[in-house]
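Its first residue numbered 1, the first sequence is counted upward by one per residue in our numbering.
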Amino acid sequence: MTQAETSVDFVRGIIADDNRSGKFGGRVVTRFPPEPNGYLHIGHAKSICLNFGLAADFDGVCHLRFDDTNPSREEMEFVESIQEDVRWLGYDWGDNLFYASDYFGQLYEYATKLIENGKAYVCDLTGDEVREYRGNLTEPGKESPYRNRTVEENLNLFKSMRAGFFEEGSHTLRAKIDMAAPNLNLRDPVLYRILKQTHHRTGDEWPIYPMYDFAHGQSDSIENVTHSVCTLEFEDHRPLYDWFLNELDIYRSQQIEFARLNITHTVLSKRRLIELINGGYVNGWDDPRMPTISGLRRRGYTPEALRNFCDRISVARRDNTVEIALLEHTLRDDLNKRSPRVMGVLDPLKVVIENYPEGKVEDIISTNNPEDLTMGERNVPFTRVVYIEKDDFREVPPPKFYRLSPGREVRLKDAYYITCNSVVKDETTGEVIELRCTYDPNTFGGTSADGRKVRGTAHWVSEEYAVDAEVRVYDHLFTTLDPDDVPEGSDWKDNINPDSMVVMESAKLEPGLNQAKPGERFQFLRLGYFCVDKDSTPEAPIFNRTVALRDTWARMDQDRKKN
RNA sequence: AGCCCUGUAGUGUAGCGGUAACACGCCAGCCUUUGAAGCUGAAAUCUCUGGUUCGAACCCAGGCAGGGCUGCCA
């Protein structure tokens, strides 16, 4: 697609219009405003790509601002992880790193101004009373009995709040708007609450903290943010956002809402992610099954794949659930181009090639990446005893099974054709534990001069030279499209996939792979993309399966079993 | 129930008055020393009903369906 044909999302449409009308003088300033109370997940990636992408497209800047107005749940650990994740995704905020807490002083002055203008008052109602007075969806609220205090009284009370003279919960500062407004956000919203907690940046300097509504828009305004992009649930807050900027008569940033991301087979709410961790269903924020940026990173995702995914899902205002298949596609698409091919056998079956001389070793030349020949070739040692995948052998081959079975011939990738002559079984269990085969010496490299058709090609690893490794095979975290799709009385956690991680303890990999560094990615031929786990060592290598290759046979086989 | 938002192939997006596009997925076929990748092809009467118009997915009205909002969370 050419640039001209590329259609733009509605946010870019708005900005283009604004640039045409000169609304912001052609300036574009966006911001990504996470609350540092958890790790970032792929839903945040959508917002990050949007905000930083907007800045890049319109020659603007994007700020990173921590929305740290609630000291009771925010921590430094999170502000660090968030910065790491944004950087890893490939974005740079330059000098524009801000904190809402940078503006506590300014925000206090704004509040004072509102009081002076008769637009805010100190309220002594308790939390329960505030709720009662607010009314509900259908009934208007009642005005607080403290609503008509004098400016002086309010000023003094607010100063006392700030000085720490009052207990938590005893007073709030509220905007004086309209207790009968159909939009509940306008029914005298709380601006400041008393919280005697140590803040991760301002320490004990403040006993009062601004609410989101009183902090966010003004922070945007202070930073001269032009387009303040947030998710749909803040839509009803926009009138309030505008009300503050208007009453305070400060820079008018514009809030634009978009629909948040949902993905099948996973959950994306912070609350649920924490529940998965605390319940021991996963091993922390960076468990490779988690949809967190750190989890995806450990799983082997690339920033490019994630950014491409965000491009493809685009952004709109309707609720959406993106199929996880699209995410996996953008991943494979990227990995396919960049990953060197290697051979690894996850579930080994021993193959003895009876007519191949004992002790003989041949170098098999293998292409590192057929998609990119500049990645070169390598030698893989071939010997009399090799391992193949158990799945590549069936004693009784079903229809359309092109792989090995007694009497059949297959190709060992890049090496030779082999024919299975007999099987060795475990005497007690009857399980096939070894294949006795012969090879055709005239098929070196994997081709025969006589043009014989060999449909199946198997990957293999020399027994003598194999590297032992642990391979963690990951799959979707939930078995159902929608984790909430549960029968009466069940829980979304009942849909957790019991096989979301299957550990293959005795995988056999081609030589050299124990030297791969954590984070290094490979395609294990015919199986999928794998990366070295952060806990891996040369002595005890650990690989994570990032994503499987599409597997037509496995699907056919499964369908066959079902029918 | 009040206010606000949304409704185009299975999914996600495009289309901005002239009878639907792209991607993923799915299915069918080709190709194949990865049953991968690649290549071909197939699938929507645009939520419904009226109206405006020569002409509507696009404009208007009214239904219906889905979502958000009743924290001193963000």
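For every residue, glycine included, the Cβ atom is placed at its ideal position computed from N, Cα and C.
DSSP beta-bridge partners of R411: Paired residues: Y417 and T457.
Nearest-angstrom beta carbon gap, F522 and V386 [assumed within contact, 8 Å]: 19 Å between Cβ atoms; not a contact.
Residue of C123, L481 and G445 minimising C-alpha distance to T321: Per the C-alpha coordinates, the member of C123, L481 and G445 positioned closest to T321 is L481.
Rounded C-alpha distance that separates F244 from A16: Cα to Cα, F244 sits roughly 26 Å from A16.
Rounded distance between the beta-carbons of L435 and F393, thought under 8 Å: About 6 Å separates the two Cβ atoms, so the contact holds.
Cβ distance (whole Å) where E35 is taken to contact D85 below 8 Å: Their Cβ separation, rounded to whole angstroms, is 14 Å, which puts E35 and D85 out of contact at 8 Å.
Start-end ranges of the beta strand (DSSP E) lying completely within the segment 353 to 380, minimum 3 residues: Here the runs fully enclosed are 362 to 367.
Given 8 Å, three or more beta-carbon pairs between the segment 127 to 143 and the segment 108 to 117: The segment 127 to 143 and the segment 108 to 117 do not touch, with fewer than 3 CB-CB distances between them shorter than 8 Å.
First through last residue of the alpha helix (DSSP H) which encompasses Q523: No alpha helix (DSSP H) holds Q523; the beta strand (DSSP E) holding it covers R521 to F524.
Residue burial classification, T292 (beta-carbon count within 10 angstroms, cutoff 16): When all chains shown are included, T292 counts as buried.
Pick from N308, L273 and V503 that is closest to V334, judged by C-alpha positions: Sequence check: residue 334 is Asp here, not Val. Check the Cα spacing between D334 and each of N308, L273 and V503: the tightest is with N308.
Residue environment, L276, which counts as buried when at least 16 other CB atoms sit within 10 Å: Here L276 is buried. Its C-beta has 16 or more other C-beta atoms within 10 Å.
Any 3 or more C-beta pairs closer than 8 Å across the segment 476 to 493 and the segment 258 to 268: Enough Cβ pairs lie closer than 8 Å, so yes.
Straight-line gap, T2 to V28 (C-alpha atoms, nearest Å): Any answer about T2 is weak, because its pLDDT of 32 lies below 50 and its placement is not dependable; what the coordinates show is given next. Each residue's Cα considered, the two are about 24 Å apart.
T447, DSSP secondary structure in three states: The three-state reading of DSSP puts T447 in coil, since its state is none of H, G, I, E or B.
From E233, K517, R338 and Y281, residue whose alpha carbon lies closest to that of M501: Out of E233, K517, R338 and Y281, the CA that lies nearest to the CA of M501 is found in Y281.
DSSP three-state assignment for H44, whether helix, strand or coil: Of the three classes helix, strand and coil, the one that applies to H44 here is helix, per DSSP.
Contact belief for D468 with S506 at Cβ below 8 Å, rounded distance in angstroms: That belief holds up - the Cβ atoms of D468 and S506 are roughly 7 Å apart, short of 8 Å.
Short Cβ contact (9 Å threshold) for E389 with A458: Yes, the pair counts as a contact, with Cβ atoms nearer than the cut-off.
Inter-stretch contact (C-beta, 8 Å, three-pair minimum) for the segment 233 to 244 and the segment 178 to 191: With a cut-off of 8 Å, the segment 178 to 191 and the segment 233 to 244 count as touching, because enough Cβ pairs lie within range.
Contact set for E116: own chain, Cβ-Cβ below 8 Å, skip 5 residues either direction: The residues are V151 and L155.
Residue span of the alpha helix (DSSP H) that contains F214, given as start and end: That run of the alpha helix (DSSP H) goes Y212 to I222.
Whole-Å CB distance - D475 paired with D499, under 8 Å assumed: In this structure, D475 and D499 form a Cβ contact; the two beta carbons are roughly 6 Å apart against a cut-off of 8 Å.
Per DSSP, cross-strand counterpart(s) of V432: Answer is K425.
Backbone CA spacing between V547 and E328 [nearest angstrom]: V547 and E328 have their alpha carbons spaced roughly 7 Å apart.
Inter-stretch contact at 8 Å, needing at least 3 Cβ pairs: the segment 438 to 446 / the segment 406 to 419: Touching, per the Cβ criterion.
Given Y209 as reference, the closest of N514, G53 and Q197 once Cα atoms are compared: Nearest of N514, G53 and Q197 to Y209, Cα basis: Q197.
Spatial neighbours of V11 in its chain, beta-carbon cut-off 8 Å, leaving aside the 5 residues before and after: Excluding sequence neighbours, V11 sits near L50, L54, H227, V229, I256, F258 and V315.
Classification of N544 by the beta-carbon crowding that lies within 10 angstroms, buried from 16 upward: Label assigned to N544: buried.
Limits of the beta strand (DSSP E) - the one that K508 falls within: Here the beta strand (DSSP E) through K508 covers M501 to L509.
Contact under 9 Å by Cβ, P33 with R65: The answer is yes: Cβ separation under 9 Å.
G451 classed as buried or exposed, judged by whether at least 16 other C-beta atoms fall within 10 angstroms: Exposed, because fewer than 16 other Cβ atoms sit within 10 Å of the Cβ of G451.
Limits of the unbroken alpha helix (DSSP H) element including L107: Counting along the chain, the alpha helix (DSSP H) containing L107 begins and ends at F104 to E116.
For E377 and H200, believed in contact at Cβ under 8 Å, the rounded distance: Rounded, the Cβ-Cβ distance is 53 Å, inconsistent with contact.
Proximity below 9 Å, CB of P399 to CB of S405: Remark: C-beta atoms of P399 and S405 do not approach each other more closely than 9 Å.
Burial state of S422 (16 or more Cβ within 10 Å): Here S422 is exposed, its C-beta having fewer than 16 other C-beta atoms within 10 Å.
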